[in-house]
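Residue numbers (the working numbering): 147 to 201.
Yeah, the Cβ is synthetic: ideal placement off N, Cα and C, and Gly gets one too.
Quick caveat: nothing in here was measured; it's all calculated off a predicted structure.
I have placed the structure first, in the form of structure tokens, so that the comments after it can refer back to it.
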Amino acid sequence: MMYQLNDLTLLGKGGYKLVYQHPTDESKAIKVMNPNRINDNGEWAHLGRFKRGHA
147 MMYQLNDLTL LGKGGYKLVY QHPTDESKAI KVMNPNRIND NGEWAHLGRF KRGHA
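Take a look at the structure:
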């Protein structure tokens, strides 16, 4: 199931993830990647120097 993040309650945010309250189960949370930490390829921006070339 897909949820609109704008409709959810933001519980907190760290350096790499945003944490939202699950809309139907208060014992659960939804963690998503922080869009400010993503590069244009949809990867973690800080990992570019660690990437390996494809064989």
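Exercise. So what's L164 in DSSP terms, helix, strand or just coil?
Worked result: strand
Problem set entry | Close beta carbons around K163, own chain, < 7 Å, minus the five adjacent residues each side | K177, V178, M179 and N180
For this session: Whole angstroms is fine: what's the gap from G207's alpha carbon to E172's?
Result: Since the first and last residues shown for the chain are 147 and 201, residue 207 lies out of range.
Exercise. Taking Cβ positions, are L157 and Q150 nearer each other than 7 Å?
Worked result: no
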